[in-house]
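Only one structure is covered here, and it is reproduced in the block below.
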Amino acid sequence: MEKKMSFKVAIIPLAVMIAVMAVSVIVLEQGPHIPLIVGTSVAALVAWRSGYTWGEIEEAMYKGIRLALPAIIIIILVGLTIGAWIGGGIVATMIYYGLQIITPSLFLVTITVICAVVSLAIGSSWSTMGTIGVAGMGIGLSMGIPAPMIAGAIISGAYFGDKMSPLSDTTNLASGLTNTDLFVHIRHMFYTTIPGLIIALGVYWYLGRDFSKGGIDTADISQTIKVLKESFVISPFLLIIPLLVIVLVAKKVPAIPALIVGITLGFASQVFIQGGSVSAAVAALQSGFVIDTGNEMVDNLFNRGGLDSMMYTVSMTIVAMTFGGILEQTGMLQAIVNQILKLAKTSRSLVASTVVSCFATNATCSEQYISIVIPSRMYAKVYREKGLHSKNLSRALEDGGTLTSVFIPWNTCGVFIFGTLGVHALDYGPYAVLNFVVPILSVVYAMTGFTITKLTAQEIAVLNKEEGVAIDA
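Position one of the sequence shown corresponds to residue 4 (this note's numbering), numbered consecutively onward.
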């Protein structure tokens with residue numbers, strides 16, 4: 004049974020975790036695992052002192068972990084995919100042709116658009132970053148572009164598609180939980196997301212001017228192309244494999260079997276096309292691909308992938324979700340959100356509060372899906388009572404939840420990106436332009452009333468009849 008939690012008590016674990024996290028990550032330059040374990044311990048102690056038994060606290064942790072199990076499976080499969088696709092020459096082929104056709108000055112713009120199109124087609128930012136994103140990092144690094152800039156552009160494109168695709172799980176989750184028609188929800192997001200993408204592309208175009216052909220060493224690119232050709236069998240037919248994975252997901256094949264197909268074909272490519280042994284192909288899946296070309300950039304890029312490389316991310320996800328599980332299941336998060344609701348006196352401030360709450364949930368519960376699920380439960384009735392259309396809530400959930408998850412180093416999205424693209428959230432954060440511009444636009448729209456839609460008299464009558472809720476006209 005849930006006990007009543009006060010805000011002053013509920014905020015203690017979060018405050019301790021943030022303080023320890025700041026010291027560990029910023030001062031000691033260590034990972035976020037231990038601060039999250041400390042936060043979990045404090046949350047458990049607070050819950051115990053508030054009347055919860057150890058059995059209830061333990062079950063809360065397990066519930067948090069269970070919520071992350073689908074994400075953990077995807078993380079593992081992406082590690083296998085990277086190992087198989089590098090070993091099979093697929094990533095090398097993508098980089099080889101990419102270096103020949105993409106202009107350095109327009110690379111950031113181009114990779115953003117490509118990731119946006121692919122993610123829009125398949126509805127998955129993670130699958131996009133784990134495949135197209137990995138190759139994009141290689142191409143960009145070969146052109147002398149800083150890794151944080153490349154990662155930021157990849158993230159912006161991938162999350163644009165994830166947010167706007169009718170195939171996306173978060174898009175369907177936000178619309179479903181708020182009882183909003185899917186395409187009404189998507190159309191309402193146009194107002195914040197399309198301007199956000201335009202701004203992001205403008206920033207990437209501006210940044211890309213420093214990487215024109217005249218400003219980089221083309222000899223390095225030529226050398227990279229030569230090393231790739233000497234080290235791998237390069238063939239346009241290998242591009243069929245990532246294309247097939249994209250098509251499978253676009254055809255609504257679930258991500259897990261689609262990735263397994265990609266892994267299997269990558270494994271076969273390493274053995275039958277690249278001429279590697281079965282033992283080496285298995286090793287690439289387990290511990291990552293290993294190569295020594297003598298070219299430092301190529302070696303750093305291709306010596307990666309495999310199941311082992313994702314264990315940091317998996318352990319982070321598990322630890323983070325134990326912390327989030329206790330906060331949610333014991334009512335601590337509810338108490339924090341209730342305090343925020345006291346500040347939302349008007350309809351406009353309510354939408355802004357939703358965006359902020361989603362970001363706070365990402366930081367405290369460390370999971371993108373929870374940042375949509377919990378605020379949707381907390382705010383749905385309040386939106387109806389204030390006469391606001393549910394599409395305002397569904398858009399705010401995505402603007403504040405889906406997009407901001409990448410900025411939290413201990414969030415499952417932040418750790419996935421670090422494990423996949425090799426760039427920390429604190430480094431790529433300033434360059435993930437779409438992801439911070441859209442929430443800002445959402446808050447500005449809320450405070451000015453722009454695109455904030457009220458319920459019609461007919462819709463209010465229907466809701467009053469169906470739910471018995473007193474709705475403001």
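Note that CB positions come from ideal geometry on N, CA and C, so glycine has one too.
Assigned secondary structure, residue i (DSSP; H/G/I helix, E/B strand, else coil)
| i | result |
| --- | --- |
| L2 | One cannot answer for residue 2 here, as it falls past the ends of the chain, which runs 4 to 476. |
| K389 | coil |
| K479 | Because the chain here runs from 4 to 476, residue 479 falls outside it and cannot be looked at. |
| E61 | helix |
| E370 | coil |
| L262 | helix |
| D165 | helix |
| P38 | helix |
| T325 | helix |
| V148 | At residue 148 the sequence reads Ile, which differs from the Val that was named. In this structure, I148 counts as coil in the three-state DSSP scheme. |
| M381 | helix |
| S318 | helix |
| V112 | helix |
| I249 | helix |
| E331 | helix |
| Q337 | helix |
| D184 | coil |
| Y55 | coil |
| F235 | coil |
| S27 | helix |
Buried versus exposed call for residue i [16 or more other C-beta atoms within 10 Å across all chains shown]
| i | result |
| --- | --- |
| K394 | buried |
| L429 | exposed |
| T227 | buried |
| Q461 | exposed |
| T530 | An answer regarding residue 530 cannot be provided, because it is not within the stretch 4 to 476 covered by the chain. |
| V248 | buried |
| Y209 | exposed |
| D311 | exposed |
| P107 | buried |
| L72 | exposed |
| I415 | Ile is not the amino acid found at residue 415; the sequence shown has Thr there. T415 is buried by the Cβ-count criterion. |
| P378 | buried |
Nearest-angstrom beta carbon gap, residue j and residue i [assumed within contact, 8 Å]
| i | j | result |
| --- | --- | --- |
| G422 | M313 | 5 Å |
| A156 | I114 | 5 Å |
| T456 | K166 | About 19 Å; that fails the 8 Å criterion. |
| F419 | I78 | 6 Å |
| V426 | A154 | 4 Å |
| V112 | L204 | 6 Å |
| T320 | I75 | 6 Å |
> Could you give the uninterrupted runs of the beta strand (DSSP E) lying entirely in the region 284-308, keeping only those of 3 residues or more?
Replying inline: none
>> Taking contact to mean 3 or more Cβ pairs, one atom from each stretch, closer than 8 Å, check whether the region 359-379 and the region 319-330 are in contact.
In response: yes
>> Any contact between the region 242-260 and the region 157-164? By contact I mean 3 or more CB pairs, one from each, below 8 Å.
In response: no
>> Threshold first: 4 residues or longer. Then list the alpha helix (DSSP H) segments lying entirely within the region 385-461, N to C.
In response: 393-400, 415-424, 428-431 and 436-451
> Can we say the region 86-98 touches the region 32-47, given the rule of at least three CB pairs closer than 8 Å?
Replying inline: no
> Does the region 432-448 come within contact of the region 375-392, defined as at least 3 CB pairs closer than 8 Å?
Replying inline: no
>> I'd like to know if the region 273-292 and the region 79-90 are in contact, where contact means that at least 3 CB-CB pairs between them fall below 8 Å.
In response: yes
>> Could you tell me which whole alpha helix (DSSP H) segments of length 4 or greater appear in the region 79-108?
In response: 93-104
> Hey, is the region 344-356 in contact with the region 138-147, meaning 3+ C-beta pairs nearer than 8 Å?
Replying inline: no
> For the region 189-200 against the region 433-447, are there 3 or more C-beta pairs whose distance is under 8 Å?
Replying inline: yes
> On the three-pair Cβ rule with 8 Å, is the region 8-18 touching the region 296-305?
Replying inline: no
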